[in-house]
Amino acid sequence: MNKDQIEAKQHYTEYPTRLLYLPQDIKRLEKLGVVRHFPKNFVLIEPGEVAQYCYIVQKGRIITFEFTPAGEERVYNFMEENSLLLEANMLMEQPVQVYFKTTKPTDLICIDRAVLLKAMQEDMKLTMDVISAISYKFFSSMDQIRQECCHNATWKFCNLLLIFADRFGKAYDGKVLIEEKVSQQMLSNLLGINRVTVVRIVKELKELNLIEQVNGFYCIREIAKLKEYQNKADLIPV
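Below you can see the structure in the form of structure tokens.
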């Protein structure tokens, strides 16, 4: 990875994304719970339910999603390893508004409400850990709303690829290989745009030699050039 690629990649670590995890040490929180294993596609909680526990993703992944009036699945976030989830709903005893589901076999550290409240009363650093997790989700949600209002589909697609590159990217023959298989349907669900539009954008990026696919994985040929194209993308009619 050259200097421009590294600088462009580092730019994205400064901002909240749809891939949620706590960047700081979470060992204080891990000690409060018990590990449980959940199979792939297990629905942890549904809209209208009140969470009895909050969870830390030790291994695996949780997604949050809901169904649109047309019956389409709209994905909002990936809860990555070391992310804390459902803490706000549990603490405030408020029902959730979306589904939380595993996308692969997942190990979660389950923390009881009374245990977390007691620990927060006794340890200010741990309280700040929880506040940090809630704040990060708030910033991420606000950023998603801003993107919906201010950018077109091409910009959003490029942005999502850069986010995946930041989290899952590996150097590959002078390029950045995203070592996470993401289907066009999943990208469509994440971005809230139809699959036909996603197919069109992928085709355009390939024709411009900005991306390619290697064994089913997306590969960004040059991070800096994709970023440059993204900055111009809002001038392109949707």
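The sequence shown begins at 1303 in our numbering and counts up by one.
Quick reminder that beta carbons are idealized off the backbone N, C-alpha and C, glycines included.
As the structure is a computational prediction, the values presented were derived from the model and not from experiment.
Per-residue burial, residue i [other beta carbons within 10 Å of its own, 16 or more giving buried]
i            : result
residue 1426 : exposed
residue 1369 : exposed
residue 1304 : Any answer about residue 1304 is weak, because its pLDDT of 44 lies below 50 and its placement is not dependable; what the coordinates show is given next. Counting Cβ neighbours within 10 Å, residue 1304 comes out exposed, since fewer than 16 surround it.
residue 1473 : exposed
residue 1392 : buried
residue 1440 : exposed
residue 1471 : buried
residue 1515 : exposed
residue 1505 : exposed
residue 1451 : exposed
residue 1489 : buried
residue 1444 : exposed
residue 1529 : buried
residue 1364 : buried
residue 1399 : exposed
residue 1373 : exposed
Three-way DSSP call (helix, strand, coil) for residue i in this model
i            : result
residue 1468 : helix
residue 1533 : helix
residue 1379 : strand
residue 1338 : strand
residue 1366 : strand
residue 1431 : helix
residue 1403 : strand
residue 1361 : strand
residue 1386 : strand
residue 1328 : coil
residue 1311 : Because the pLDDT at residue 1311 is just 41, under 50, the model does not fix this residue reliably, and the point stays unresolved.
Residue nearest to residue i in terms of C-alpha spacing, selected from the options
i            : options                : result
residue 1338 : 1441, 1359, 1490       : 1359
residue 1468 : 1525, 1449, 1507       : 1525
residue 1531 : 1380, 1334, 1455, 1364 : 1455
residue 1431 : 1387, 1407, 1464, 1396 : 1387
residue 1522 : 1464, 1491, 1497       : 1464
residue 1409 : 1330, 1384, 1512       : 1384
residue 1274 : 1503, 1499, 1520, 1498 : This structure does not reach residue 1274, given that the chain is present from 1303 up to 1540, and the question cannot be answered.
residue 1453 : 1535, 1381, 1394       : 1535
residue 1458 : 1479, 1413, 1500       : 1500
residue 1375 : 1403, 1397, 1436       : 1403
residue 1342 : 1448, 1405, 1480       : 1405
residue 1394 : 1419, 1428, 1483       : 1419
residue 1480 : 1507, 1492, 1518, 1397 : 1518
residue 1417 : 1335, 1503, 1511       : 1335
residue 1412 : 1492, 1333, 1507, 1511 : 1333
Beta-bridge pairing of residue i - partner residues as DSSP gives them
i            : result
residue 1447 : DSSP output for residue 1447 lists no bridge partner at all.
residue 1352 : 1397
residue 1519 : 1516
residue 1409 : 1339, 1361
residue 1425 : Note: residue 1425 sits in no beta bridge, so no partner.
residue 1345 : 1403
*Unbroken stretches of the beta strand (DSSP E), 3 residues or longer, contained in the segment 1456-1509*: Counting only runs of 3+ residues, the beta strand (DSSP E) found wholly inside the segment 1456-1509 occupies 1471-1474, 1477-1480, in chain order.
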